[in-house]
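Structure record follows, encoded as structure tokens.
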Amino acid sequence: MRNIFELTKREQRTVIVIVTLLVVIAFAKHAWQTKSQTPVKTSTPEATAPPHHEAEQSSDDSRD
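Each residue of the sequence shown is one higher than the one before, starting from 20 at the first, in our numbering.
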């Protein structure tokens, strides 16, 4: 019985071409999907700050 890893040069090239095509297709699909998504606005850290933080700052200012 023939070992699965004993491939001729032609068979090795065929396997390399198939694997390369699969990687290129997967990368292109990923790039296309990320490009087609709408950008999400994530630059709002001030809006997520707890309200008690602002109250502490205003009470500290009134002590001066």
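Quick reminder that beta carbons are idealized off the backbone N, C-alpha and C, glycines included.
**Asked** Rounded C-beta distance between Leu26 and Val34? I'm assuming under 8 angstroms.
**Response** 7 angstroms
**Item:** Local conformation of Glu25 per DSSP, three classes
**Value:** coil
**Prompt:** Quick one: what does DSSP say Gln56 is sitting in, helix, strand or coil?
**Reply:** coil
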